[in-house]
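Taking it in order: structure first as structure tokens, then the write-up.
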Amino acid sequence: MTRDRQRIARDHAFDHALGMDASISRRDFLNGVPIAIGGAAAAGLLPDFLAAAFAAGQAPQDAPGYYPPVLTGLRGSHPGSFEVAHSLRDGDFWSKAGTVAESGETYDLVVVGGGISGLAAAHFYRARRPDARILILDNHDDFGGHAKRNEFELGGRVALLNGGTLLIDSPKPYSAVADGLLKTLGIDPVALTQKCTHRDFYPSLGLRRSVFLDQETFGADQLIVMSDGLSWTQLLAQSPLSPQVRSDIVRIEEASIDYLPGLSSDEKKTRLANMSYRDYLLNVVKADPGVIPFYQKRTHGEWGVGIDAVSALDVWAFQFPGFQGLGLKPGSAPHTGYTALGYAGGGSYTFHFPDGNASIARLLVRDLIPESVPGNTAEDVVTARIDYSRLDRPASPVRIRLNSTAVRARNVGDPASSTAVEVAYSRGGELNSVRARTCVLACYIMMVPYLCPELPERQKQAIKYLVKTPLVYSSIALRNWTSFKALGVSSVHAPGGYHSSLFLNSVVDIGDYRSPRSPDEPVLIQMIRTPVQPGLSERDQNRAGQIDIFNTTFETFERNIRAQLARILGPGGFDPARDITAITVNRWPHGYAYEYNQLFDPEWPEQEQPHVIGRTRFGRIAIANSDSGAAAYTDSAIDQAYRAVQELLGV
Ligand SMILES: Cc1cc2nc3c(=O)[nH]c(=O)nc-3n(C[C@H](O)[C@H](O)[C@H](O)COP(=O)(O)OP(=O)(O)OC[C@H]3O[C@@H](n4cnc5c(N)ncnc54)[C@H](O)[C@@H]3O)c2cc1C
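With the working numbering, letter number 199 in the sequence shown gets 183, and the count goes up by one each step, no holes.
Structure follows, in structure tokens:
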């Protein structure tokens, strides 16, 4: 055999051992086919079921059995959802597009974007104008925006995970508006947490958090289980880390040393606000550089970037180690970023539905189009089977039109005096326009300049500043979780891994929904990847991560999922070829709203902040979405929807 052939044979055997050729639920709707519909040069690749429906001249969501939460493979920004928007961005959309057909449909409000902000905007509008007719457009095959649900049938019962937005949680208390909306929807986070959440279940089985050190980064594979009562010296005793690195980690985690003596608490906070956690560890704590890989990805989940790009003050607010001896007073400091503000001043209540905040989106849809979502409580919505064919019925005062990318939102006449807005959208390669008295753009804010090229230049430039943070949440169905039990872990942080964390699904029982209790039962786990480029500014890291996600195939995600699980869980008896039964990769290249970062961004007066300039109403078009609050949280999505609607109703 030539060397090439040997390599190919080796790769083949490796893939086989991982189960890359195993028959699981993962590619069902992946095999896109190029389509050209109705003479229009329809863009790109579409999942088979969408292509088939469009080819038959049917709106896919009206087809019997249409139920996107159960789709596996590449979800989040799924094939078929983004190509039109990218073509608009690249400037070649209109030259290839056919003519826009005037549908003759008229509404009081057209909302672009069916995430929580867009749905909330429709709710707030109807609260003031109960007879209003509203159309909501979204480019995805499901509503909810980031608040999406992954639904599986495992062992004869429904198993749920959040595809994006995880839970009700914010660094500041929910505003009266956001809290009021939750109440209207029947959500009482405090009562639901008490009744439905079982945070102590995994600990009661002896399962703990853990850290996996990989050979490539640390010299050897090792799983460190955070067992009760062990000191850091004991935890690291068998680790491949050098004695100096071990002793510095012990110092960071346990020692109570004032590394900034002679300064007041406020002065210390100001210093910490202006240095990254990485610089704090290296230059203030004077730790060996070998500790950095151990901590580098700790911030990935919350901030989407590593410790090089998050301030020491922000991570102090999240109880990261190394600050025990500084004597910092609780509460916010003059220079804390958004995320630190809520600390000790009181963040919001929290609650996690089994599908994350997708349940909030479902409750909003029930509020807007009751006949589409059976049931009447915040508990029964979890297992409700939505009838997608009822979302866009002509007789309904509120309509949700999926698979529809808005390509233009234009004030009819001069924005200052216009009386209507024309919104054009592309669905299945066909272009249609509708008219409305008002419009809320609740889509990603960076789309706005492409939808409204007439926007003032200053506003367009401000919007360009806001680069969203990319993330990938993968949901993986396992035959059982005996390997977790054998290893004594419920979650793993993997500082050197392709995915930086993985965990067993949270245990929540709500309505008819039950979480598995026996390790022999099938379970869902989640793996999180945040592609970054340490050393760049946060915005540049976000850009690099977006490209990374865009260029990564499902096969690559799958191979990494399998290989990483095999290495971490293999010693507990896990076999990826045997134990993985389904994979859904939710990729969010346009994930978290951009939150200002004091390490890289100027401190503008409030009215000069890019998101404040960027969200300025333009005639009869107002701008919502959590982006326009510069806060990647559901309460921001709701608050901004409310503001946008108030602006329009004041017109
Ligand atoms: C992975 C992930 C985890 C998160 N976890 C949490 C959490 O635990 N708690 C929390 O509070 N927040 C969380 N967030 C933040 C989350 O963004 C907000 O909570 C909230 O869901 C945002 O809602 P939105 O409606 O503002 O935006 P989105 O959810 O982004 O909705 C906007 C919608 O507009 C659509 N759109 C864009 N352009 C067009 C167009 N041209 N035509 C039609 N439609 C268009 C988009 O595709 C999208 O569907 C998370 C975000 C991500 C990505």
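The beta carbon of each residue, even a glycine, is placed where N, CA and C say it ideally should be.
Note that this is a predicted model, so its numbers are computed, not measured.
Cβ-heavy atom distance, residue i to ligand 1, below 8 Å
{"i": "Gln624", "result": "yes"}
{"i": "Ile171", "result": "no"}
{"i": "Ala616", "result": "yes"}
{"i": "Ile567", "result": "no"}
{"i": "Ile236", "result": "no"}
{"i": "Ala43", "result": "no"}
{"i": "Ala81", "result": "no"}
{"i": "Gly121", "result": "Note that residue 121 is Leu in the sequence shown, not Gly. Result yes, Cβ under 8 Å from ligand 1."}
{"i": "Asp339", "result": "no"}
{"i": "Ser620", "result": "yes"}
{"i": "Ile152", "result": "yes"}
{"i": "His130", "result": "yes"}
{"i": "Val391", "result": "yes"}
{"i": "Ile100", "result": "yes"}
{"i": "Leu435", "result": "yes"}
{"i": "Met431", "result": "yes"}
{"i": "Asp646", "result": "The first residue shown for the chain is -15 and the last is 635, placing residue 646 beyond what the model contains."}
{"i": "Gly181", "result": "Before going on, a small fix: residue 181 reads as Thr here, not Gly. Incorrect: Thr181 has no Cβ contact closer than 8 Å to ligand 1."}
{"i": "Ser71", "result": "no"}
{"i": "Cys423", "result": "no"}
{"i": "Leu58", "result": "no"}
{"i": "Asn570", "result": "yes"}
{"i": "Val96", "result": "yes"}
{"i": "His483", "result": "no"}
{"i": "Ala426", "result": "yes"}
{"i": "Thr149", "result": "yes"}
{"i": "Ala40", "result": "no"}
{"i": "Leu455", "result": "yes"}
{"i": "Gly575", "result": "yes"}
Three-state secondary structure assigned by DSSP to residue i
{"i": "Glu406", "result": "strand"}
{"i": "Leu636", "result": "In the structure as shown, the chain starts at -15 and stops at 635, and residue 636 therefore has no counterpart that could be examined."}
{"i": "Arg117", "result": "coil"}
{"i": "Asp92", "result": "strand"}
{"i": "Asn395", "result": "strand"}
{"i": "Gln206", "result": "strand"}
{"i": "Gly102", "result": "helix"}
{"i": "Tyr50", "result": "coil"}
{"i": "Gly57", "result": "strand"}
{"i": "Arg192", "result": "strand"}
{"i": "Ala24", "result": "Note that Ala24 scores 30 on pLDDT, short of 50, meaning its location in the model is unreliable; the coordinates nonetheless yield the value given after this. Three-state result, Ala24: strand."}
{"i": "Thr201", "result": "helix"}
{"i": "Thr537", "result": "coil"}
{"i": "Gly554", "result": "helix"}
{"i": "Ser87", "result": "strand"}
{"i": "Thr149", "result": "coil"}
{"i": "Gly575", "result": "strand"}
{"i": "Ile353", "result": "coil"}
{"i": "Thr688", "result": "Beyond the ends of the chain as shown, which are -15 and 635, falls residue 688; an answer cannot be given."}
{"i": "Ile241", "result": "coil"}
Residue environment, residue i, which counts as buried when at least 16 other CB atoms sit within 10 Å
{"i": "Leu2", "result": "buried"}
{"i": "Asn15", "result": "With a pLDDT of 35 at Asn15, under the threshold of 50, the predicted position of this residue should be treated as unreliable, though the coordinate-derived value follows. Under this definition Asn15 is an exposed residue."}
{"i": "His0", "result": "exposed"}
{"i": "Phe(-2)", "result": "exposed"}
{"i": "Asp250", "result": "exposed"}
{"i": "Thr323", "result": "Low confidence applies to Thr323: its pLDDT is 40, below 50, so where it sits in the model is not reliable enough to give any reading."}
{"i": "Arg262", "result": "buried"}
{"i": "Lys156", "result": "buried"}
{"i": "Pro53", "result": "buried"}
{"i": "Trp216", "result": "buried"}
{"i": "Asp232", "result": "buried"}
{"i": "Ser459", "result": "buried"}
{"i": "Lys80", "result": "exposed"}
{"i": "Asn360", "result": "exposed"}
Any chain C beta carbon closer than 9 Å to residue i
{"i": "Asp125", "result": "The chain inventory of the structure shown lacks chain C, comprising one protein chain alone."}
Bridge-paired residues (DSSP) for residue i
{"i": "Glu414", "result": "Arg411"}
{"i": "Met511", "result": "Ser458, Leu486"}
{"i": "Val382", "result": "Ile118"}
{"i": "Glu592", "result": "Glu592 is not bridged to any residue."}
{"i": "Glu137", "result": "Val142"}
{"i": "His477", "result": "Val195, Ser485"}
{"i": "Ser260", "result": "Ser295"}
{"i": "Asn570", "result": "Arg59, Tyr457"}
{"i": "Cys423", "result": "Val94, Ile605"}
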